[in-house]
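Presented below is the structure to which this report refers.
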Amino acid sequence: MAYLKQQRPEKVTVPSVRSSKERGERLVCLTAYDYPTARIVDEAGTDIILVGDSVGNVVLGLETTVPVTLDAMIHHTRAVRRGVTRALLVADMPYGSYHTGEDDAVRAALRLIKEAGAEAVKLEGGSSRAAIVRRLVDEEIPVMGHIGLTPQSFHKFGGNKLQGKTEEAAHRILDDAHAIEDAGAFAIVLEVVPRELAALITKRVGIPTIGIGAGADCDAQILVIHDLLGIAFTPTRPRFVKQYADLRRAMTEAIQTFADEVRSGAYPTEAESYPLPVDTKLDFGSPENSLLADAIPDSET
Ligand code: KIV
């Protein structure tokens, strides 16, 4: 665990996330979709790892999260599960997996918990999804809410746009936050809403708010890991995205150096290949039939 920050090595749990608000702790949340990224994100000390349905945008090259399937979420969550030790692992319920009734929602969430190893699920929507949140919580499934800009509503919203701009819309989002808290969610993602509204919601609800494009007053912050590392190929870069590294450049430079060395013959060297053991005799028959005839200089045959 070369990279593990040892300041807070204890496992993050649903109750510890809930109580982080009283302690005034600002939790750090990131997405991950595969084993190596999950290891790095977890060992760097991230508190909550979300296997987001943003996997559709940043890994699968889809325009929206709408086509992401439950099977895809299970596949990616299982990979991430193997790489996470300390963080709380949350999996997104994809579009269509909780829209056809509470029983279907329970079945889908149970697959994410039992088959994939998630410790909680996240689903999008406010008051209209409160009954589903309550039912999942009743079935011992911890739920993270997600309100404001909900990317699964891409077609309804006509794109990924700032939500809660009018007084009426802001009130609706505040009501959504209360409905999700009352239904038993342990935290709520607030996505792309005005910072004043996010601050008000954060003050009014008793569970942690996790902001993405919602200003500095949320209890926690989340970003999509590909945005943070500079390897997202999404058509637009929202203003809330802060790129902390340029891995696209670092990866391109590494690949170009490899290509140059392959083309020039500089790679592989002896150090990167295997010599025949000295006591092994090579006998491939007559030199003219030998596969190595061209490779072995005359002086050595
Ligand atoms: O899918 C996702 O990555 C998310 C976060 C942006 C909150 O829902």
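Heads up, the sequence shown is in numbering that gives the first Met the number 0, so the first residue is 0 and it goes up one at a time. Ideal placement from N, C-alpha and C gives every residue a C-beta, glycine not left out.
Judged by their CB atoms, Ala-198 and Ile-187 are not nearer to each other than the 8 Å cut-off.
At the C-beta level, Val-40 and Gly-55 stay beyond 8 Å of one another. Secondary-structure assignment with DSSP links Cys-28 through a beta bridge to Ile-47 and Ile-221. Relative to the ligand KIV, Glu-62 has its C-beta separated by 7 Å or more from all heavy atoms. DSSP, read as helix, strand or coil, puts Lys-164 in coil. Ile-131 and Lys-121 have their alpha carbons spaced roughly 12 Å apart. At a Cβ-Cβ threshold of 8 Å, Ala-90 and Ala-107 do not count as neighbours. Inter-segment contact for the stretch 239–259 and the stretch 207–225 is present: three or more beta-carbon pairs are separated by less than 8 Å.
Counting of Cβ neighbours within 10 angstroms places His-75 among the buried residues, the total reaching 16 or more. Counting only the Cα atoms, Asp-52 lies some 16 Å from Phe-232. Runs of the alpha helix (DSSP H) spanning 4 or more residues and lying entirely within the stretch 65–109 occur at 69–82, in chain order.
About 13 Å separates the Cβ atoms of Leu-135 and Arg-110, ruling out a contact at the 8 Å cut-off.
In the three-state reduction of the DSSP assignment, Ile-187 falls in the strand class, which pools E and B. Per DSSP, the beta bridge partners of Ala-119 are Val-89.
By the neighbour-count criterion, in which 16 or more other beta carbons inside 10 Å mark a residue as buried, Tyr-97 falls on the buried side. As DSSP reads the structure, Met-143 sits in a beta bridge with Lys-121 and Ala-186. The nearest non-hydrogen atom of the ligand KIV is 7 Å or more from the C-beta of Ser-19.
Contact annotation, Val-11 with Arg-77: C-beta distance approximately 20 Å; criterion of less than 8 Å not satisfied.
Residue range 208–211 is occupied by the beta strand (DSSP E) that includes Ile-209. With the criterion CB distance below 7 Å from any heavy atom of the ligand KIV, the matching residues run Thr-30, Leu-49, Gly-51, Asp-52, Ser-53, Thr-64, Asp-91, Lys-121, His-145, Pro-150, Val-188, Glu-190, Ile-211, Ile-221 and Val-223 along the chain.
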